[in-house]
Every structure is written in C-alpha cells, then in structure tokens.
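Okay, structure first, notes after.
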Amino acid sequence: MQITLDQVRVDGRRDPLLAPFSGTLATRERVLVAAEPGHGHTALALVATGRMRPAGGSVVLDAGDRAVVGARTLRDVSAVVDVPGITEPDDALTVADVVAEGLTFAGLRAWPGDVARWIAAYACGSALDRRARVDQLAGPDRTALLTALAAARPDVRFLVLVLPDRHGGDPHATWELARHYAEQGYGVLVGATRATARLLGAELLGARSADPLHSPPEIALAERFPEPEPEPEPAPEPGPAASDTAPDHDTRDTRDIHDTHDTHDTEPEDPR
1 MQITLDQVRV DGRRDPLLAP FSGTLATRER VLVAAEPGHG HTALALVATG
51 RMRPAGGSVV LDAGDRAVVG ARTLRDVSAV VDVPGITEPD DALTVADVVA
101 EGLTFAGLRA WPGDVARWIA AYACGSALDR RARVDQLAGP DRTALLTALA
151 AARPDVRFLV LVLPDRHGGD PHATWELARH YAEQGYGVLV GATRATARLL
201 GAELLGARSA DPLHSPPEIA LAERFPEPEP EPEPAPEPGP AASDTAPDHD
251 TRDTRDIHDT HDTHDTEPED PR
C-alpha cells in the first residue's frame with residue numbers, strides 16, 4: 001500500500017496551516033518529516049490519514065489492486081499517534097488507563113485482567129508500572145507504548161507519529177522504533193523538529209531558505225525495507241535404505257522343495 005500526497009494544502013484563518021506539500025508513504029517504509037512546531041505537523045498528519053479535508057491537492061491510497069480517494073478508507077488503515085491536543089492522552093491518566101483506552105479502540109476487551117496481561121506481554125519483564133502517570137514516562141517509552149497500542153488495531157497499516165521529540169529523550173530511539181514497525185510491514189511517518197532531523201543525519205533544504213524557522217514541512221529522511229526472505233522449505237526426509245525395503249528372498253534350496261513334493265502321499269495304483 002502507498003499513500004500519495006500531491007500538493008496538498010490546508011488554509012487557516014490568517015496563515016496557512018499547511019503549505020503545499022507532496023510526498024509518499026508506503027508500507028515497509030519509514031519517513032521523517034521536519035518542520036518547526038506549529039508549522040504543519042498536525043495538519044499534515046490529519047490530511048495524510050483522511051482525518052482532515054485539504055483545501056487543495058489530493059490524497060490517494062494505492063491499495064495495490066485499486067486506487068482509493070475516499071477519506072474513510074484512509075482512516076481505517078491509519079493511526080495518528082500522540083497528536084498534540086487531539087490524540088495525546090491526558091497527563092493525569094495512568095499507564096493502565098491509556099492501555100484500556102487503546103485496547104477499546106482496537107476492538108479488544110479491556111477488563112482489568114486484560115489490561116494487566118497486555119502490559120505484562122508488552123513489557124517483557126521490563127519495569128513498566130501500570131499505576132504510573134503517562135506523563136512520568138520517558139519520551140521514547142511513552143511513544144513506544146502509544147505506538148504499540150495503535151498497531152494493535154487489526155486494519156492499521158500506517159502509523160503517523162507527531163512530534164515525539166517534544167517529550168525529550170534520544171531521538172535515535174524513536175527512529176529505531178520506526179524501523180521496527182517498518183520492518184514488520186507498516187508505513188511509519190515521523191514528524192520532528194529540524195534540530196532533531198539534523199541529529200539524525202538529515203540535510204535540510206529549508207535551512208537555506210530566507211526564513212527556515214517558518215519553512216513548511218519537508219521530507220528529511222526516507223528508508224524502504226525489503227520483504228523478508230522466505231524461509232527455505234525443509235529438506236525431504238531420507239527414505240529407508242534399499243536393503244530395508246527389498247522383499248525377503250526364500251533362501252531355501254529348491255531341491256528341498258522338490259524333495260518335499262516327492263514325499264507327499266499319492267493314491268496307490270490299482271493292482272488289477
């Protein structure tokens with residue numbers, strides 16, 4: 001699958017919320033989009049996933065056998081993670097609260113026992129306190145938790161992470177998280193500040209503009225991951241040795257057979 005954005009823009013009351021932007025996001029791909037906070041990150045995430053109607057341009061989902069323009073299909077196959085003021089969890093919520101909400105959105109049962117089991121399986125022995133407030137989590141840990149919950153939705157193929165670097169922490173951890181999900185077959189779009197993009201090794205064209213702090217989002221990094229190699233078919237088990245399957249030969253001397261036949265009783269001849 002691939003989402004293609006062609007010169008999409010979002011107008012605001014005074015200034016544009018998103019200047020014309022073009023780009024693609026495919027499954028098995030991670031893409032980093034750089035811009036300063038407040039300059040298109042939220043609008044781009046919502047437009048790319050069918051959650052906001054652009055004022056111009058087009059958003060098309062290529063589903064392999066067909067191209068889809070409908071916003072509903074885009075919404076079904078995508079999730080926006082931790083969007084400021086929209087999908088970010090309330091700071092007062094606990095980890096258990098956030099997990100219960102995420103499981104509900106995924107159509108899964110979210111009773112306390114289900115939440116506890118999901119956290120235990122997700123944490124894999126690491127120290128994740130279900131009673132901790134979500135705002136107490138380290139930035140990369142928070143992003144990883146919310147992304148895992150978004151990926152739990154069965155139809156989701158695209159994950160859009162909006163400014164995870166605003167919570168601090170090592171941006172390389174979040175970029176590796178994007179790799180993890182891209183290798184699993186998701187398309188992952190990460191929005192970040194220009195400073196974060198430079199830390200990750202990106203060379204930004206917008207930095208050469210007259211006003212780099214207010215430049216529209218630009219694709220800073222993109223990486224596609226190949227399909228995994230199919231597992232080799234197991235070698236056929238060797239058949240039994242020929243000596244084991246050959247029929248047993250009768251090794252008796254044929255003369256014994258004839259002798260035995262000759263000794264059988266026969267009817268005496270008539271003496272008459």
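Numbering of the sequence shown is given in the UniProt record's numbering, commencing with residue 1 and proceeding in unit increments.
For each residue, glycine too, the CB sits at the ideal point set by N, CA and C.
Check the Cα spacing between R224 and each of V59, L32 and H39: the tightest is with L32.
The beta-bridge partner set that DSSP reports for R224 consists of E29. It is roughly 42 Å from the alpha-carbon of L108 to the alpha-carbon of R14. In the displayed model, L204 falls within coil according to three-state DSSP, outside both helix and strand. Assignment of E176 by DSSP, reduced to helix, strand and coil, places it in the helix class. Annotation for R72: the continuous alpha helix (DSSP H) segment containing it runs A71 to D76.
DSSP places A34 within a strand segment (E or B) once states are collapsed to three.
In terms of CA proximity to V156, A79 leads the group D11, I3, A192 and A79. Only exposed fits D65, as fewer than 16 other CB atoms lie within 10 angstroms of its CB. Between A150 and V81, the gap from beta carbon to beta carbon is short of 8 Å. Contact annotation, V188 with A182: C-beta distance approximately 5 Å; criterion of less than 8 Å satisfied. Distance from A152 to G102 at the Cβ level is roughly 7 Å; contact confirmed, criterion being Cβ atoms closer than 8 Å. Contact between the region 171 to 178 and the region 191 to 201 is present, with at least three C-beta pairs closer than 8 Å. Taken through DSSP and simplified to helix, strand or coil, A55 comes out as coil.
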